[in-house]
Amino acid sequence: MILFLTRTYFPEGTNGILPCEGKIICNTIELPWKKNEGGVSCIPEGRYFIRKRYSVKYKWHLEVMDVSDRKYILFHPANNALKELQGCIGPVTKLSGPGLGLMSRKAFTALKDLVYTALDRKEIVELIVQ
């Protein structure tokens with residue numbers, strides 16, 4: 631399975647659209663691009679793999695693997711990139727401004743269910759950020 635994250639960059643945040651096989655799964659919000667600086671920047675464009683991950687804070691979620699000079703880059707619910715993200719990707723149902731979105735939990739559940747189904751079938755899930 632290949633997910634394509636196509637971004638639009640703004641000074642206040644980064645917005646994206648995340649389709650799979652021609653069907654839009656959700657929109658995304660991220661921090662603005664600040665040269666991959668930890669905690670304040672979105673991740674660089676490139677190819678990554680996604681795996682399941684569990685934490686007490688986010689329960690079952692998704693982790694973006696092997697991001698250069700970064701770790702624990704996650705897909706998790708967030709509606710405001712500047713207030714709720716530290717480099718992670720927030721799936722949202724609808725964009726409401728640069729780095730802002732609505733109904734993140736609903737979008738996250740749809741994305742997680744799709745990706746977990748593929749991973750349970752032993753498929754490799756790749757994320758291409760462009």
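Those letters in the sequence shown? Residues 631 to 760, per our numbering, in order.
Every residue gets a Cβ at the ideal spot worked out from N, C-alpha and C, and that includes glycine.
Alpha carbon to alpha carbon, what distance is there between residue j and residue i?
| i | j | result |
| --- | --- | --- |
| Y702 | K682 | 12 Å |
| Q723 | N710 | A quick correction: the sequence has Thr, not Gln, at residue 723. Using only the alpha carbons, I get a separation of about 13 Å. |
| I585 | K752 | The first residue shown for the chain is 631 and the last is 760, placing residue 585 beyond what the model contains. |
| N657 | V694 | 17 Å |
| L712 | G669 | 10 Å |
| V745 | E675 | 20 Å |
Let me check understanding here. Comparing Cα to Cα, which of the options lies closest to residue i?
| i | options | result |
| --- | --- | --- |
| C672 | E753, E693, Y639 | Y639 |
| F679 | D750, A708, V755 | V755 |
| H691 | C656, P721, G668 | P721 |
| P641 | K742, G727, D750, A737 | G727 |
| D699 | K665, Y688, I719 | K665 |
Could you name the residues that DSSP lists as bridge partners for residue i?
| i | result |
| --- | --- |
| I754 | DSSP, once it has assigned bridges, lists no residue as partnering I754. |
Which runs of the alpha helix (DSSP H) at least 4 residues long sit entirely within the region 634-720? Give them in chain order.
Listed in chain order, they are 711-714.
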